[in-house]
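Structure first, then comments.
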Amino acid sequence: MGIFRKIKNKGVRGTFRSIKEKILTISHGYQLDLTKYNSTSGKEVYPYRLLRMNIAHLTSVKNLYNDELSDNKYKILEERILHSQVHLPYVVVDEEGDICGYFHIAHGETRDGTINSNIKVNDGSIYLFDDYTFIDKRGKGVHKFSVLSRLELAKELKCSIAIVNILSNNMYSKRTYISIGFNKFISYYYIHFSKFRKTISKNLNVAKV
3 MGIFRKIKNK GVRGTFRSIK EKILTISHGY QLDLTKYNST SGKEVYPYRL LRMNIAHLTS
63 VKNLYNDELS DNKYKILEER ILHSQVHLPY VVVDEEGDIC GYFHIAHGET RDGTINSNIK
123 VNDGSIYLFD DYTFIDKRGK GVHKFSVLSR LELAKELKCS IAIVNILSNN MYSKRTYISI
183 GFNKFISYYY IHFSKFRKTI SKNLNVAKV
């Protein structure tokens with residue numbers, strides 16, 4: 003489809019928005035001061051449990067949700083389960099023991115492919131990342147439970163700061179994390195056009211925690 007036909011079909015604003023989305027990915031970093039966070043804030047109302055992910059969980063996920071778990075993602079999760087001491091996967095299970103999704107924490111530097119950048123995780127900090135709730139389990143509080151549970155775990159591990167990166171168009175995750183008390187502290191602008199790749203970060207003028 004030519005540029006003029008795109009403009010005709012989508013309008014000028016719609017066309018430029020479409021082009022922008024293809025060459026620019028925007029993500030924001032949020033942080034929470036765990037020393038001021040009440041770790042008993044609501045987790046108990048959900049009928050779920052957070053468990054460290056193992057190979058049996060991964061096999062079950064592959065069998066049940068093959069269309070939502072690519073071969074590449076399977077290998078990544080398998081590597082984390084078997085070998086990583088930094089990037090730790092968890093699952094949320096319901097009262098019947100059914101797996102609702104997988105979620106992660108990290109204690110060290112972590113690659114964020116969506117913005118083509120490494121995320122620095124300092125000592126005493128914990129990074130929440132790679133959250134995924136299976137489609138048929140969404141809208142039931144699974145994701146929020148996973149966040150509350152991982153923050154409780156972070157408190158037990160004596161972490162003082164929790165951080166997360168959220169794509170700018172992921173409104174659901176933004177609402178969840180902000181409702182818990184996370185504040186935006188950095189923005190990432192990943193420009194990707196043809197072979198050109200560049201990530202620009204901008205620290206926001208917020209009080210450090």
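Numbering follows the numbering used here, in which position 97 of the sequence shown is assigned residue number 99; successive positions increment by one, without gaps. Beta carbons are placed, not taken as given, at the ideal position from N, Cα and C, and that holds for glycine. Computed from a predicted model, the values in this text were never measured in an experiment.
- Report the rounded CA-to-CA distance for Asn40 versus Ser196, giving the unit in angstroms. 47 angstroms
- Message: If the criterion is Cβ atoms closer than 9 angstroms, does the pair Gly103 and Thr135 meet it?
- Response: yes
- Task: Could you pull the start and end residues of the beta strand (DSSP E) that Ser127 belongs to?
- Result: 127 to 135
- Item | Segment limits, alpha helix (DSSP H) that includes Thr61 | 57 to 66
- Item | Distance between Ile78 and Lys210 (C-alpha atoms, nearest Å) | Note that Lys210 has pLDDT 49, beneath the 50 cutoff, so the model's placement of it is unreliable and the number below is only indicative. Cα-Cα distance, rounded: 33 angstroms.
- Message: Could you compute how far the alpha carbon of Val47 sits from the alpha carbon of Lys186?
- Response: 27 angstroms
- Message: If distances are taken between C-alpha atoms only, which option among Gly115, Gly31, Leu150 comes closest to Asn207?
- Response: Gly31
- Do you know offhand how far Ile137's Cα is from Phe105's? 14 angstroms
- Query: Does the segment 136 to 150 come within contact of the segment 109 to 126, defined as at least 3 CB pairs closer than 8 angstroms?
  - Reply: no
- Task: Report all residues from its chain with a CB closer than 6 angstroms to the CB of Leu34; omit the five preceding and five following residues, and keep chain order.
- Result: Ala164, Gly183, Phe184
- Give every residue of the same chain whose Cβ lies closer than 7 angstroms to the Cβ of Lys10, excluding the five residues on either side of it in the sequence, and list them in chain order. Its pLDDT being 47, under 50, Lys10 is placed unreliably by the model, and the measurement read from it follows with that caveat. Closer than 7 angstroms at Cβ, skipping near neighbours: no residue.
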